[in-house]
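Following: one structure in structure tokens, then a few remarks.
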Amino acid sequence: MVLVIIRTAIIFITLLIIMRLMGKRQIGEMQPFELVITLLIAELACIPMADTSIPLLYGIIAVVTIYVLHEIMTVLDLKLKPVKSFISGKPALVINKNGIDDYQLKRNNLDVSDLIESLRTAGYFSLDSVDYALYESNGQFSALPKENYESMQTSLPLVVIDNGKYDKKNLALAGLDEDFFDPILQKEHVRLKRVLVLTADGTGKIYLQVKGEKYRVFTVSYPGGRTW
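Residues 357 to 584 (the working numbering) are what the sequence shown spells out, left to right.
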């Protein structure tokens with residue numbers, strides 16, 4: 357028991373020193389390769405702590421080796437731009453002046469629902485309230501709002517159509533049905549399968565984006581003057 361405590365204490369001190377040497381970014385915003393290294397260090401540290409038959413030195417050497425590899429990768433990441441793009445990736449611009457960039461979403465294994473969730477987390481509820489939005493290489497979400505964005509989100513928008521399919525749950529929440537939106541699509545000369553996203557808020561504002569086209573924003577009146 358005492359041996360396990362001593363081995364654990366030694367590994368803990370070693371890890372504390374290594375993580376401190378890796379710098380503040382390792383503790384805060386990690387690049388993909390740094391996350392991999394952190395997971396490897398955690399795994400390597402657990403083995404000699406749990407199995408006393410493995411020499412403690414083996415665990416320390418493995419952790420130090422990972423640290424050296426981290427320093428090499430960090431230098432390459434800072435000094436060589438092509439290598440930096442390969443190691444850390446590039447920011448993905450998912451919203452531009454034309455609306456949502458579906459290609460960038462798919463390239464990063466995301467969909468419209470993921471994007472809208474990120475927007476809400478950042479404090480933007482309407483897709484047309486931002487000029488640009490991107491996912492940084494470390495996964496963080498950033499957005500540049502329009503100057504008067506607050507006036508564009510006076511009511512909570514609901515996703516009615518997502519990638520060519522109606523969202524039954526949101527239709528029920530809005531108290532509307534497909535028969536209300538089908539004529540709107542016909543008026544806009546849009547087929548349902550071509551719709552990337554259509555949102556509707558309580559004031560009647562519709563955000564419609566067709567795949568490969570610039571988004572459109574217009575206002576409709578709900579049956580019975582309904583609002584939410």
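In this text, a Cβ means the ideal position worked out from N, Cα and C, and glycines have one as well.
Note that the structure is predicted; figures quoted are calculated from it, not measured.
Whole-angstrom C-beta distance between residue j and residue i, which should lie under 8 Å
i: K524; j: R550; result: Incorrect: roughly 20 Å between the Cβ atoms, too far for contact.
i: D487; j: K453; result: 6 Å
i: Y491; j: P447; result: 7 Å
i: L527; j: D458; result: L527 to D458, Cβ: 23 Å. No contact.
i: R363; j: P411; result: Between P411 and R363 the Cβ distance is about 10 Å, and since that is not below 8 Å, they are no contact.
i: S498; j: G445; result: No, S498 and G445 are not in contact; Cβ-Cβ is about 15 Å, not under 8 Å.
For residue i, the three-state DSSP class (helix, strand or coil)
i: D487; result: strand
i: S498; result: strand
i: I361; result: helix
i: L413; result: helix
Cβ-Cβ distance between residue i and residue j below 9 Å
i: I367; j: V419; result: yes
i: E534; j: R572; result: no
i: Y505; j: Y480; result: yes
Burial state of residue i (16 or more Cβ within 10 Å)
i: G495; result: exposed
i: S482; result: buried
i: Q542; result: exposed
i: G401; result: It should be pointed out that residue 401 corresponds to Ala in this sequence rather than to Gly. A401 is buried by the Cβ-count criterion.
i: A489; result: buried
i: A530; result: buried
i: I374; result: buried
If contact is defined by three or more beta carbon pairs under 8 Å, each pair taking one atom from either stretch, is the segment 424-435 in contact with the segment 516-527? no
Would you check if there are 3 or more beta carbon pairs closer than 8 Å linking the segment 558-566 to the segment 502-515? yes
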